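A quick write-up on the structure given underneath.
Protein chains: 2
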Amino acid sequence: MAIAATPAPPYYAVIFTSLRTAGDNGYGKMAEAMEALARTQSGFLGIESARDGLGITVSYWESLEAIAAWKANVKHLVAQQHGRDIWYEEFKVRNCRVERDYAFAHS
Amino acid sequence: MAIAATPAPPYYAVIFTSLRTAGDNGYGKMAEAMEALARTQSGFLGIESARDGLGITVSYWESLEAIAAWKANVKHLVAQQHGRDIWYEEFKVRNCRVERDYAFAHS
Chain A
5 MAIAATPAPP YYAVIFTSLR TAGDNGYGKM AEAMEALART QSGFLGIESA RDGLGITVSY
65 WESLEAIAAW KANVKHLVAQ QHGRDIWYEE FKVRNCRVER DYAFAHS
Chain B
5 MAIAATPAPP YYAVIFTSLR TAGDNGYGKM AEAMEALART QSGFLGIESA RDGLGITVSY
65 WESLEAIAAW KANVKHLVAQ QHGRDIWYEE FKVRNCRVER DYAFAHS
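Shown next, in the form of structure tokens:
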């Protein structure tokens, strides 16, 4: 996975931090499907994800409205319910406004 | 690593996303030292970190001033320079204002 190529700020970020329950229980397949679905949402700017014990997924959006529409997507609502029922021991969601960013890359 | 126990919003987040160069080159030791040092900074609220290929570290702060003071910490400045010279192929830093958060935990 690459660093997301987001536009100049301001834009919005959803930081989703989670601890999984034991076993896959269909999680991997659903996570892939949800990422693919997020990429088709209006206002989607990018996504970054990593897990080693703690999981962190940050998705980037043009507006709070775009975030609200993604949260209310019917297929995503089903995944959110499975998440609470089966996949996650614990999670926290933080909605943020990105005010400033800067990047570095070796030439 | 646990999900950070941050206070009610608003507060600030620094999302640091990175791709490492090959080899440790002293990175692990320095990363531990920098996390310990961050925890002693005024205005520090918490930190969350994961890496599997892509690395994501999110640190949480009371104010933009607290973030600026941490960025200017002399030992941290040295680590930042090593990061650009040796440890990171590429990174992106995003400073955000956390507007809203919510959490879930299995009872």
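Chains A and B are the protein sequences, given in the same order. The first sequence begins at 5 in our numbering and counts up one residue at a time. The second sequence begins at 5 in our numbering and counts up one residue at a time. C-beta: ideal position from N, C-alpha, C; glycine also. Predicted model, so just to flag it, every value in this text is computed and none were measured.
Within the continuous beta strand (DSSP E) that includes residue i, where are the two ends?
| i | result |
| --- | --- |
| residue 71 of chain B | Unbroken run through residue 71 of chain B is the alpha helix (DSSP H), 68–76; no beta strand (DSSP E). |
| residue 104 of chain A | 92–109 |
On the CB-based measure, 16 or more other CB atoms within 10 Å of its CB, does residue i come out buried or exposed?
| i | result |
| --- | --- |
| residue 105 of chain B | buried |
| residue 59 of chain A | buried |
| residue 33 of chain B | exposed |
| residue 87 of chain A | buried |
| residue 111 of chain A | exposed |
| residue 44 of chain B | exposed |
| residue 78 of chain A | exposed |
| residue 18 of chain A | buried |
| residue 82 of chain A | exposed |
| residue 54 of chain B | buried |
| residue 70 of chain B | buried |
For the putative contact between residue i and residue j, defined by C-beta atoms under 8 Å, what is the C-beta separation to the nearest angstrom?
| i | j | result |
| --- | --- | --- |
| residue 63 of chain B | residue 47 of chain B | Not quite, the Cβ-Cβ distance comes to about 10 Å (not below 8 Å), so this is no contact. |
| residue 20 of chain B | residue 107 of chain A | Their Cβ separation, rounded to whole angstroms, is 11 Å, which puts residue 20 of chain B and residue 107 of chain A out of contact at 8 Å. |
| residue 93 of chain A | residue 25 of chain A | 5 Å |
| residue 8 of chain B | residue 39 of chain B | The pair is not a contact, with the Cβ atoms about 12 Å apart (cut-off 8 Å). |
| residue 14 of chain B | residue 101 of chain B | 6 Å |
| residue 16 of chain A | residue 65 of chain A | 5 Å |
Chain A partners of residue i, CB-CB under 7 Å?
| i | result |
| --- | --- |
| residue 52 of chain B | 21, 58 and 60 |
| residue 82 of chain B | Near residue 82 of chain B there are no residues of chain A at all, since even the closest Cβ is about 16 Å away, more than 7 Å. |
Going along chain A, which residues have a C-beta under 8 Å from residue i?
| i | result |
| --- | --- |
| residue 105 of chain B | 96, 97, 98 and 99 |
| residue 55 of chain B | 54 and 56 |
Along chain B, which residues have their Cβ under 7 Å away from the Cβ of residue i?
| i | result |
| --- | --- |
| residue 109 of chain A | 94 |
| residue 70 of chain A | Those within 7 Å of residue 70 of chain A in chain B number zero; the least Cβ separation is about 14 Å. |
Starting from the beta carbon of residue i, find every residue of chain B whose beta carbon is closer than 8 Å, and list them in chain order.
| i | result |
| --- | --- |
| residue 7 of chain A | 21, 22, 23, 58, 94, 95 and 96 |
| residue 42 of chain A | Near residue 42 of chain A there are no residues of chain B at all, since even the closest Cβ is about 16 Å away, more than 8 Å. |
| residue 73 of chain A | Here the premise fails: no neighbours, minimum Cβ distance about 16 Å. |
Kindly examine the ligand NAD and report whether one of its heavy atoms sits closer than 7 Å to the Cβ of residue i.
| i | result |
| --- | --- |
| residue 62 of chain B | Ligands in the displayed structure: none, and consequently the ligand NAD is not present. |
At 9 Å on the CB atoms, spell out the chain B contacts of residue i, in chain order.
| i | result |
| --- | --- |
| residue 88 of chain A | 108 and 110 |
| residue 35 of chain A | By Cβ distance, chain B contributes nothing, its closest Cβ being about 13 Å from residue 35 of chain A, past 9 Å. |
Against residue i, what residues of chain A qualify as contacts under a CB-to-CB distance less than 9 Å, listed in chain order?
| i | result |
| --- | --- |
| residue 12 of chain B | Those do not exist, as residue 12 of chain B stays about 12 Å from chain A at its closest Cβ, beyond 9 Å. |
Those runs of the alpha helix (DSSP H) which lie wholly inside the region 16–76 of chain A and span at least 4 residues: 31–43 and 68–76
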